[in-house]
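The sequence shown begins at 1 in UniProt numbering and counts up one residue at a time. Backbone N, C-alpha and C define an ideal beta-carbon position, used for all residues, glycine too. Treat the numbers as computed from the prediction; the structure is a model and nothing was measured. Read the structure below first, then the notes.
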Amino acid sequence: MGLAGAVWAELPVPGFTLAWQHTIEKIRWEEDYRVTPEGLLLGEARVKGSGAGMEIPADAELREGSWHYQRQLAPLQPLRLGRTPEAGDYQLCFNQRCRSMSDWLGPPQATRPALELWSCELGSPGSSVDPGQDDG
């Protein structure tokens, strides 16, 4: 999977969870993606509650304190994310660990309000990041 903002990084993972806090409601959202040759395929999503602009789908199931649901979307190539200081940051979770996007890209900046994630084959140009490395 590739991710880019101010820099390029390549993460050799077959899947990941994208997590964030809703800016107004302060409720955690999580979306599971699988990396495929066609793009990033959204699997299950979870949210802890509803609120402003956060309607829970009718087919969602409440399990372990979160609403679980699936959306049927074509693979995303790329997945574009808004990333600004006002909105906070995303977490990227894989190998049973979550890390802030800031670990790779620095803090969100108004001058770079977007981030792109996409599937790619290993060996693409750019720097490779060991997903197990611990930077602190």
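Neighbour-count burial assignment, residue i, 16 or more Cβ in a 10 Å radius
i: residue 63; result: exposed
i: residue 82; result: exposed
i: residue 43; result: exposed
i: residue 114; result: exposed
i: residue 45; result: buried
i: residue 79; result: buried
Secondary structure of residue i, DSSP reduced to three states
i: residue 103; result: helix
i: residue 17; result: strand
i: residue 36; result: strand
i: residue 51; result: strand
i: residue 65; result: coil
i: residue 120; result: coil
Cβ-Cβ separation, residue j to residue i (assumed contact under 8 Å), whole Å
i: residue 41; j: residue 117; result: Actually they are not in contact, since the Cβ atoms of residue 41 and residue 117 sit about 12 Å apart, beyond 8 Å.
i: residue 31; j: residue 77; result: Going by Cβ atoms, the distance from residue 31 to residue 77 rounds to 16 Å, so no, they are not a contact pair.
i: residue 15; j: residue 35; result: 6 Å
For residue i, the first and last residue of its enclosing beta strand (DSSP E)
i: residue 82; result: 79-82
Assess contact between the stretch 11-25 and the stretch 86-105, defined as three or more Cβ pairs (one per stretch) separated by less than 8 Å. Is contact present? yes
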